[in-house]
Structures are given as structure tokens and as C-alpha cells.
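For the sequence shown, numbering that gives the first Met the number 0 gives the first residue as 0, with consecutive numbering after it.
Note that the Cβ used here is the ideal one computed from N, Cα and C, for glycine as well.
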Amino acid sequence: MIEILNPPLLARARVTGALVADILSAMRARSTVGTNLLDIDRWTREMIVEAGALSCYVDYAPSFGRGPFGHYICTAVNDAVLHGRPHDYRLADGDLLTLDLAVVKDGVAADAAISFLVGEARPAADVAMIETTERALAAGIAAAGPGARVGDISHAIGTVLGEAGYPINTEFGGHGIGSTMHQDPHVSNSGRPGRGYPLRPGLLLALEPWVMADTAELRVDADGWTLRSATGCRTAHSEHTIAITDDGAEILTLPTT
Numbered sequence: 000m001i002e003i004l005n006p007p008l009l010a011r012a013r014v015t016g017a018l019v020a021d022i023l024s025a026m027r028a029r030s031t032v033g034t035n036l037l038d039i040d041r042w043t044r045e046m047i048v049e050a051g052a053l054s055c056y057v058d059y060a061p062s063f064g065r066g067p068f069g070h071y072i073c074t075a076v077n078d079a080v081l082h083g084r085p086h087d088y089r090l091a092d093g094d095l096l097t098l099d100l101a102v103v104k105d106g107v108a109a110d111a112a113i114s115f116l117v118g119e120a121r122p123a124a125d126v127a128m129i130e131t132t133e134r135a136l137a138a139g140i141a142a143a144g145p146g147a148r149v150g151d152i153s154h155a156i157g158t159v160l161g162e163a164g165y166p167i168n169t170e171f172g173g174h175g176i177g178s179t180m181h182q183d184p185h186v187s188n189s190g191r192p193g194r195g196y197p198l199r200p201g202l203l204l205a206l207e208p209w210v211m212a213d214t215a216e217l218r219v220d221a222d223g224w225t226l227r228s229a230t231g232c233r234t235a236h237s238e239h240t241i242a243i244t245d246d247g248a249e250i251l252t253l254p255t256t
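Spelled out as C-alpha cells, the structure:
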């Protein structure tokens, strides 16, 4: 299913996007050395409920997962990169944490992710990897607009990731979003320009470049959800929800403060 949002629905999407961004910003500030991942999940739940929104994750049960996800935010640490299921773990200095959040409010969903280092340690390789996913995301957004195609976004993202030397996994990537979290079209993190679904004003896309330092192969954790690098290397992931407009692309998941 591909949805094209009308102006009233797009206005709702802006509200949902800002909520997602504000929750992620708050959780980033609270993610310090010693913070338990289960506390991050609890704090996220409290903010979602207070805002009158709903989690996209608690009852999420796709074919690739093991039953409902059962939590409110994805918390992926170090070699984990996608679908990180919160568990009883306290963050340590130098941990590379990815927070991925999707909520729906007033019938419209938004989805975003951030990666950052916890504490004082700043390994250069980790900093470079995070910055590369952020640059790839910016390139993908710059390539989006009416008249462009999904392949133009994929090519822009893949060019940045590939030129930085990272292997690219195309099994999981960006996606359409609207009344539900995951919709068509799929937006691969590598692709050919001029190919794929043509972008139209009112289309919402969640773009999410992610990489693993030295592999493109994933393995599934024992929890049946968390996806980790097959080699145990570090990972990073950046994501925004954007709306295609008459003039280009509008980022919906920017914090209000």
C-alpha cells in the first residue's frame, strides 16, 4: 500500500514527527553511563502515553520477528544495529547506542533513529561511521522531490556509504509510511538512479541509512528480534521521516527544541 497524504493529514504528520524527534532527543539526553535500557523503554512509554499517541512497536509482529516486539523503542548497542530489543543492560562508557522510534498520533505515523556514543569515549572510527550515516541521510533527502524516483534516493545514499568504504546491506532499508509504520515503496540503501516509484507531493518516506563497520551480513540475536553484525563489529543508523512537497522534501522528525 502507498498512501498520498492530503494537507490536513500532512499537518498531523508534522505533529507526530516532532513528537518522535522530541522523545528521541529526551532519551539521548538521559542515556548516560549506567542507564538501563529498560529505563529508556519505560521513559519512552511514559512520553508516548502523555502525548496521547500509540507505539508502533508493542504489538508489532512481522514475519521476521519472534512474536510481538513488546517494547516501545528499539535500543541497539555496539554490534546491534536494527530492531534492538530493550533488555536488562546498563550502558557503559564508549557504548555506541542507536535509538529507533516510531509512533502514531491522530492516525499518522512517523519514524526516526539516531546513533551516538555514551559517556566520554570518542573512538574515531565510531564517530566517522555515525557521521557517514548522517551524511548519507542528508544526501538521500536532497535527492528527494517531485519528479524524482526512489532509485535516485537509493543511489544518493549508497554513493555516500560506498565511497566511505562501508559494505551495504540491502535487505533492510527505508520505506513508505502513513497511517501505518511500514508501507511501500521500499527504499534500498543502494540503487540505480532513474528507477523505481516516482515521488509525488504528499508521499511520506522514512529514509534510514545504516552500516556495519566491516560486513554486510546480519545475524539474529537469541531474542528473535535484535539484528547484529555477523562479525561483531560496530554499527550505526540514522533515520528521518520526510514528506515530498511541491518544492522538494520536508523533514518531519526534527525536535522542537
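Beta-bridge partners of residue i, as assigned by DSSP
| i | result |
| --- | --- |
| ASP110 | ALA101 |
| ASN35 | ARG89 |
| HIS154 | Answer is none; HIS154 lacks a bridge partner. |
| HIS82 | For HIS82, which the question treats as bridged, DSSP gives no partner whatsoever. |
| MET211 | THR234 |
| SER228 | LEU217 |
| CYS73 | ASP99 |
| ALA242 | LEU203, GLU249 |
| ILE3 | LEU202 |
| SER54 | VAL102 |
Residue i vs residue j beta-carbon contact at 8 Å
| i | j | result |
| --- | --- | --- |
| ALA91 | VAL19 | no |
| LEU206 | ILE167 | no |
| ASP99 | ALA120 | no |
| ARG89 | ARG148 | no |
| THR252 | THR244 | no |
| LEU204 | GLY157 | no |
| GLY93 | THR225 | no |
| ALA124 | ALA235 | no |
| PRO184 | ILE1 | yes |
| SER114 | THR132 | yes |
| THR230 | ALA17 | no |
| ASP110 | MET26 | no |
| VAL117 | SER30 | yes |
| ALA138 | ALA155 | yes |
| PRO61 | PRO145 | no |
| PHE171 | LEU23 | no |
| ALA101 | ALA248 | no |
Best match in the options for proximity to residue i [C-alpha to C-alpha]
| i | options | result |
| --- | --- | --- |
| ASN5 | GLY16, VAL159, GLU238, ALA242 | ALA242 |
| VAL14 | PRO208, ASP105, ALA135 | ASP105 |
| SER189 | ALA235, THR169, LEU217 | THR169 |
| LEU202 | TYR59, ALA127, ALA108 | ALA108 |
| CYS73 | GLY51, PRO61, LEU96 | LEU96 |
| ALA135 | TYR196, GLY161, ASP110, ASP21 | GLY161 |
| VAL57 | VAL103, ALA25, THR34 | VAL103 |
| ASP246 | ILE129, SER62, ASP21, LEU198 | LEU198 |
| GLY173 | ILE140, GLY144, GLY164 | ILE140 |
| ALA79 | THR256, MET0, VAL219, ALA138 | VAL219 |
| GLY223 | HIS86, ARG11, LEU9 | HIS86 |
| VAL210 | ASP40, TRP42, ARG227, ARG29 | ARG227 |
| ALA75 | ASN35, ARG11, ALA215 | ASN35 |
| ARG65 | GLU249, CYS232, ALA221 | ALA221 |
| PHE63 | LEU217, PRO122, SER178, PRO192 | LEU217 |
| ARG44 | ASP21, LEU37, TYR71 | TYR71 |
| ARG191 | PRO208, ASP21, GLY150 | GLY150 |
Which of helix, strand or coil DSSP assigns to residue i
| i | result |
| --- | --- |
| HIS174 | strand |
| HIS181 | coil |
| PRO145 | coil |
| SER24 | helix |
| VAL159 | helix |
| LEU8 | helix |
| ALA248 | strand |
| ILE47 | helix |
| VAL186 | strand |
| ARG198 | Per the sequence shown, residue 198 should be read as Leu rather than Arg. Looking at LEU198 - three-state DSSP - the assignment turns out to be coil, as it is neither helix nor strand. |
| ALA60 | coil |
| THR256 | coil |
| THR15 | helix |
| ASP94 | coil |
| ARG191 | coil |
| ARG41 | helix |
| ALA29 | Here the sequence assigns Arg to residue 29, which means Ala is not the residue at that position. In this structure, ARG29 counts as helix in the three-state DSSP scheme. |
Runs of alpha helix (DSSP H) lying entirely within the region 111–139, each at least 4 residues, in chain order: none
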